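These protein sequences, in sequence, are chains Z and S. Position one of the first sequence corresponds to residue 1 (UniProt numbering), numbered consecutively onward. Position one of the second sequence corresponds to residue 1 (UniProt numbering), numbered consecutively onward. The beta carbon of each residue, even a glycine, is placed where N, CA and C say it ideally should be. Keep in mind it's a predicted model, so treat the numbers as computed, not measured.
2 protein chains.
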Amino acid sequence: MIQVYTGNGKGKTTAAIGQAIRAIGQGFRVLMIQFMKGDKSYGEIIAAKNIPNFEIRQFGLPTFVKKGEPSPEDIRLAKEGLAFAQKVIAENKYQMIILDEINVAIDYGLIKLTEVCELVKNCPDSIELVLTGRYAPKELIDLADLVSEIKEIKHPYTKGYVSRQGIDY
Amino acid sequence: MIQVYTGNGKGKTTAAIGQAIRAIGQGFRVLMIQFMKGDKSYGEIIAAKNIPNFEIRQFGLPTFVKKGEPSPEDIRLAKEGLAFAQKVIAENKYQMIILDEINVAIDYGLIKLTEVCELVKNCPDSIELVLTGRYAPKELIDLADLVSEIKEIKHPYTKGYVSRQGIDY
Numbered sequence: 001m002i003q004v005y006t007g008n009g010k011g012k013t014t015a016a017i018g019q020a021i022r023a024i025g026q027g028f029r030v031l032m033i034q035f036m037k038g039d040k041s042y043g044e045i046i047a048a049k050n051i052p053n054f055e056i057r058q059f060g061l062p063t064f065v066k067k068g069e070p071s072p073e074d075i076r077l078a079k080e081g082l083a084f085a086q087k088v089i090a091e092n093k094y095q096m097i098i099l100d101e102i103n104v105a106i107d108y109g110l111i112k113l114t115e116v117c118e119l120v121k122n123c124p125d126s127i128e129l130v131l132t133g134r135y136a137p138k139e140l141i142d143l144a145d146l147v148s149e150i151k152e153i154k155h156p157y158t159k160g161y162v163s164r165q166g167i168d169y
Numbered sequence: 001m002i003q004v005y006t007g008n009g010k011g012k013t014t015a016a017i018g019q020a021i022r023a024i025g026q027g028f029r030v031l032m033i034q035f036m037k038g039d040k041s042y043g044e045i046i047a048a049k050n051i052p053n054f055e056i057r058q059f060g061l062p063t064f065v066k067k068g069e070p071s072p073e074d075i076r077l078a079k080e081g082l083a084f085a086q087k088v089i090a091e092n093k094y095q096m097i098i099l100d101e102i103n104v105a106i107d108y109g110l111i112k113l114t115e116v117c118e119l120v121k122n123c124p125d126s127i128e129l130v131l132t133g134r135y136a137p138k139e140l141i142d143l144a145d146l147v148s149e150i151k152e153i154k155h156p157y158t159k160g161y162v163s164r165q166g167i168d169y
């Protein structure tokens with residue numbers, strides 16, 4: 001099945017990681033492909049090294065992509081991530097594949113919606129495909145079996161709040 | 001800080017588990033206390049055994065609690081879970097404590113809202129406290145620093161759908 005976690009609130013990537021952990025406990029092999037992320041100091045990157053059957057591959061620079069002004073390297077890496085996703089889906093080695101922030105990669109114009117729709121349509125039933133990121137396009141919501149929108153009700157974006165190690169990364 | 005994941009969509013418990021994994025990667029010790037759950041065959045219970053610094057303790061029966069008709073054992077276990085949470089918060093051994101489904105335990109009348117509010121107010125800043133479950137009461141939302149509402153946009157509750165191993169448990 002196809003799952004989508006979207007919306008403006010905290011919890012999309014973590015929901016996918018938690019879904020991965022649950023699946024791993026039941027014997028799944030899980031791959032998370034991260035778009036637009038290249039920072040190796042994320043807690044989940046460090047933790048995954050010690051969790052059997054959980055691989056995370058990053059296809060992005062450690063710096064943020066500027067909306068409207070992606071660098072050629074941002075685009076190259078996102079396309080490489082999509083090609084890698086197509087390859088691993090075809091190989092059918094993983095029972096769950098998470099495409100983290102793929103919705104944002106589409107929204108920012110790094111990869112094409114039509115190509116992601118093709119990938120989703122061609123994904124065999126034996127693979128649980130999980131897509132995350134704000135701005136999930138209607139076409140992907142229509143293709144998905146399960147969609148959760150994570151809405152921000154409250155966030156400590158008050159004066160002096162900086163992202164916190166272990167919580168935000 | 002205090003985080004709350006509520007709403008009717010899939011992703012609340014998994015967001016908390018993903019948050020735990022991220023925190024563990026950054027050196028946190030994490031405890032998840034599960035209310036109203038007693039089934040040891042959940043994927044996260046099995047997986048956590050192999051993840052250092054991640055403990056999950058269940059305070060519930062393996063069967064569902066009937067709303068309006070909780071058994072004395074349901075109530076006893078939930079109260080025990082709350083007392084255990086109070087104890088571990090006071091001990092300050094964990095940097096993150098997740099109270100999974102505690103909102104539902106309050107809504108079902110197993111534990112008192114006033115007692116949970118006291119626990120939240122008394123939690124030291126050194127502990128990240130994460131509360132999950134539908135029906136988060138306004139009082140807890142007011143006390144929280146971060147609240148995400150996970151809304152169901154689409155769920156495959158169609159004919160013949162049964163909960164799936166590795167996905168729903």
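- Message: To test your reading of the DSSP string, which unbroken beta strand (DSSP E) runs of 3 or more residues are found completely within the segment 107–169 of chain S?
- Response: Taken in chain order, the whole beta strand (DSSP E) runs of length 3 or more contained in the segment 107–169 of chain S are 128–132 and 146–154.
- Query: With respect to the beta strand (DSSP E) encompassing S/Glu55, which residues constitute its N-terminal and C-terminal limits?
  - Reply: Looking up residue 55 of chain S in the second sequence gives position 55. S/Glu55 -> beta strand (DSSP E) spans Phe54 to Phe59.
- Query: Which residues, taken in chain order from the segment 13–29 of chain S, show a beta carbon closer than 9 Å to some beta carbon of chain Z?
  - Reply: Flagged, chain order: Thr13, Thr14, Ala15, Ala16, Ile17, Gly18, Gln19, Ala20, Ile21, Arg22, Ala23, Ile24, Gly25, Gln26, Gly27 and Phe28.
- Query: Closest to Z/Ala90 by CA distance: which of Z/Glu118, Z/Ile106 and Z/Thr114 is it?
  - Reply: Within the first sequence, numbered from 1, the residue matching residue 90 of chain Z stands at position 90. Nearest of Z/Glu118, Z/Ile106 and Z/Thr114 to Z/Ala90, Cα basis: Z/Glu118.
- Query: Which bits of chain Z does S/Asn103 rub up against, with CB to CB less than 7 Å?
  - Reply: Walking along the second sequence from the start, residue 103 of chain S turns up at place 103. Within chain Z, no residue comes near S/Asn103; the closest Cβ sits about 13 Å away, beyond 7 Å.
- By the 10 Å Cβ neighbour count, where 16 or more other Cβ atoms means buried, how is Z/Ser126 classified, buried or exposed? Here the question's residue 126 of chain Z lines up with position 126 in the first sequence. Z/Ser126 comes out exposed.
- Query: So is Z/Asn50 in contact with chain S if we call contact Cβ pairs under 8 Å?
  - Reply: On the first sequence, residue 50 of chain Z is found 50 positions in, with the first residue counted as 1. Yes, contact with chain S.
- Item | chain Z contact residues for S/Met1, given Cβ-Cβ distances below 7 Å | Position 1 of the second sequence, counting from 1, holds the residue named residue 1 of chain S. Neighbours of S/Met1 in chain Z, taken as residues at a C-beta separation under 7 Å, are given in chain order as Pro156.
- Task: Go to S/Ile2, then tell me how far its beta strand (DSSP E) extends in each direction, as first and last residue.
- Result: Your numbering for residue 2 of chain S matches position 2 in the second sequence. It spans Ile2 to Thr6 - the beta strand (DSSP E) in which S/Ile2 sits, taken as one unbroken run.
- Item | Run of the beta strand (DSSP E) containing Z/Phe35, from where it starts to where it stops | Here residue 35 of chain Z is taken as the residue at index 35 of the first sequence, counted from 1. Taken as a continuous stretch (DSSP letters only), the beta strand (DSSP E) holding Z/Phe35 covers Val30 to Phe35.
- Task: Could you check what DSSP says for S/Asp100 in three-state terms: helix, strand or coil?
- Result: In the second sequence, the residue the question calls residue 100 of chain S occupies position 100. The answer is strand: DSSP assigns S/Asp100 an E or B state.
- Task: Assign S/Phe59 to one of two classes, buried (16 or more other C-beta atoms within 10 Å of its C-beta) or exposed (fewer than that).
- Result: Counted from its first residue, the second sequence places residue 59 of chain S at position 59. Answer is buried; the Cβ neighbour count reaches 16.
- Are Z/Gln19 and Z/Val130 touching if we call contact CB-CB under 8 Å? Position 19 of the first sequence, counted from the start, is the residue given in the question as residue 19 of chain Z. Position 130 of the first sequence, counted from the start, is the residue given in the question as residue 130 of chain Z. In this structure, Z/Val130 lies closer than 8 Å to Z/Gln19 by Cβ.
- Query: Should Z/Thr6 be labelled buried (16 or more other beta-carbon atoms within 10 Å of its own) or exposed?
  - Reply: Start at 1 with the first residue of the first sequence, and residue 6 of chain Z comes out as number 6. By the 16-neighbour rule on beta-carbons within 10 angstroms, Z/Thr6 is buried.
- Query: By DSSP, does Z/Ile51 sit in helix, in strand, or in coil?
  - Reply: Counting from 1 along the first sequence, the entry for residue 51 of chain Z is found at position 51. Note: Z/Ile51 maps to coil in three-state DSSP.
- Is it buried or exposed for Z/Tyr94, if we count other Cβ within 10 angstroms and need 16 for buried? For the purposes of this step, residue 94 of chain Z is taken as residue 94 along the first sequence, with counting starting at 1. Around the beta carbon of Z/Tyr94, a 10 Å sphere encloses 16 or more other beta carbons of the protein chains shown; the residue is thus reported as buried.
- Task: Flag this pair as yes or no: are the beta carbons of Z/Val104 and Z/Gly68 separated by less than 8 Å?
- Result: Position 104 of the first sequence, counted from the start, is the residue given in the question as residue 104 of chain Z. Position 68 of the first sequence, counted from the start, is the residue given in the question as residue 68 of chain Z. Cβ atoms of Z/Val104 and Z/Gly68: not closer than 8 Å.
- Exposed or buried, Z/Lys49, counting other C-beta atoms within 10 Å across all chains shown (16 or more means buried)? Looking up residue 49 of chain Z in the first sequence gives position 49. Result: exposed.
- Task: Output yes if chain Z places a C-beta closer than 8 Å to the C-beta of S/Lys151; else output no.
- Result: Here residue 151 of chain S corresponds to residue number 151 of the second sequence, with the count starting at 1. Interface criterion met: the Cβ of S/Lys151 is under 8 Å from a Cβ in chain Z.
- Message: Please tell me whether S/Pro124 and S/Asn92 are closer than 8 Å, where the distance is taken between their beta carbons.
- Response: Here residue 124 of chain S refers to the residue found at position 124 when the second sequence is read from its first residue. Here residue 92 of chain S refers to the residue found at position 92 when the second sequence is read from its first residue. Yes, the pair counts as a contact, with Cβ atoms nearer than the cut-off.
- Task: Keeping to the same chain, check which residues put their C-beta closer than 7 Å to that of Z/Val88; ignore five residues upstream and five downstream.
- Result: Residue 88 of chain Z sits at position 88 when you count from the first residue of the first sequence. In the same chain as Z/Val88, and ignoring 5 residues on each side of it, the C-beta atoms closer than 7 Å to its own belong to Leu31, Tyr94 and Ile97, in chain order.
- Task: Measure from the alpha carbon of S/Pro137 to the alpha carbon of each residue in S/Ile102, S/Ser71, S/Glu44 and S/Lys10, then state which is nearest.
- Result: By 1-based counting over the second sequence, the position of residue 137 of chain S is 137. Distance check between S/Pro137 and each of S/Ile102, S/Ser71, S/Glu44 and S/Lys10 places S/Ile102 closest, using alpha-carbon atoms only.
- Run of the alpha helix (DSSP H) containing S/Gly9, from where it starts to where it stops: Counting from 1 along the second sequence, the entry for residue 9 of chain S is found at position 9. Taken as a continuous stretch (DSSP letters only), S/Gly9 belongs to no alpha helix (DSSP H), as it is neither H nor E.
- Task: Report yes or no: is there a C-beta of chain S within less than 8 Å of the C-beta of Z/Gly38?
- Result: The sequence position of residue 38 of chain Z within the first sequence is 38, counting from 1. No, because no Cβ of chain S sits closer than 8 Å to the Cβ of Z/Gly38.
- Same chain, Cβ closer than 8 Å to Z/Asp100, neighbours up to 5 away in sequence not counted: Start at 1 with the first residue of the first sequence, and residue 100 of chain Z comes out as number 100. The residues are Thr13, Ala16, Met32, Ile33, Gln34, Phe35, Lys37, Thr132 and Gly133.
- From the beta carbon of Z/Gly60, is the nearest beta carbon of chain S less than 8 Å away? Here residue 60 of chain Z refers to the residue found at position 60 of the first sequence. Taking 8 Å as the threshold, the shortest C-beta distance from Z/Gly60 to chain S does not fall below it.
- Item | Under 7 Å from the C-beta of residue 254 of chain Z: neighbouring residues of chain S | The question about residue 254 of chain Z has no answer, for chain Z in this structure spans 1 to 169.
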